[in-house]
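Input: a single structure, listed below in structure tokens.
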Amino acid sequence: MLKKIVTIGPESTGKSMLCSQLAEHFNTKWVPEYAREYLLKHGTHYKYEDLYTIAEGQLKGEESIINSMMPPKPSTLNPLPSTLNPQPFFIDTDLYVIKVWSEFVFNKCDNRILTQIANRQYALYLLCNTDLLWVKDELREYPDLETREKLYHYYKDLLIHQHVPWIDISGNYEQRLQKAIDAVKEVI
């Protein structure tokens, strides 16, 4: 049984690094944020319609990892044990991130994205706080702390109003990793 753990939060809050570290710690896989790949290939002048394409790419990445981690189907010659330990894998952003991005930039969100959000199932959200220094790169748009904190509160509000457990990830890099490890151990 796979346990899907998602990192979300504003840009430059350590989501990718945390996923990579957690995957290494738990000896498993993680799904990178597809938006980075898309924007590097197509440029940073995106349109509203591009966000649905990015959402599709994110889900394809997630499904690809799920399919690669599924155990083979049992047969009468090679039955699987009746109890499998839950195995986590980590997702660097999900469609909540695209929802917030879409609403923040375009004041609307594609209903197909909202439908997918309602249909996806996750075991835990790790909400990365804004207490790390912002690191510039060619894709990041919001270096000011005020905007990053505003976005953080959008994510927090989303998580408060849904049913999946979540935890705030803050502190230095080592503290963040330990909080995340502890939270993941509680759900697996």
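Start counting the sequence shown at 537; every next residue gets the next number (the numbering used here).
For every residue, glycine included, the Cβ atom is placed at its ideal position computed from N, Cα and C.
- The residues Y588, in chain order, have a CB closer than 6 Å to that of D646 in the same chain once the five nearest residues on each side in sequence are set aside.
- Per DSSP, reduced to three states, the secondary structure at F562 is coil, with no helix or strand assignment.
- Of the other Cβ atoms in all chains shown, fewer than 16 fall within 10 Å of the Cβ of S604; this residue is therefore exposed.
- Non-local beta-carbon contacts of L687 in its own chain, meaning distances under 6 Å to residues more than five positions away in sequence, involve P546 in chain order.
- Runs of beta strand (DSSP E) with 3 or more residues, each lying fully within the stretch 578-652, are found at 623-628, listed in chain order.
- Runs of the beta strand (DSSP E) lying entirely within the stretch 657-686 and spanning at least 3 residues, in chain order: 660-664.
- Q623 is positioned such that its CB atom lies closer than 9 Å to that of M537.
- Where I703 is concerned, the enclosing beta strand (DSSP E) starts and stops at W702 to I705.
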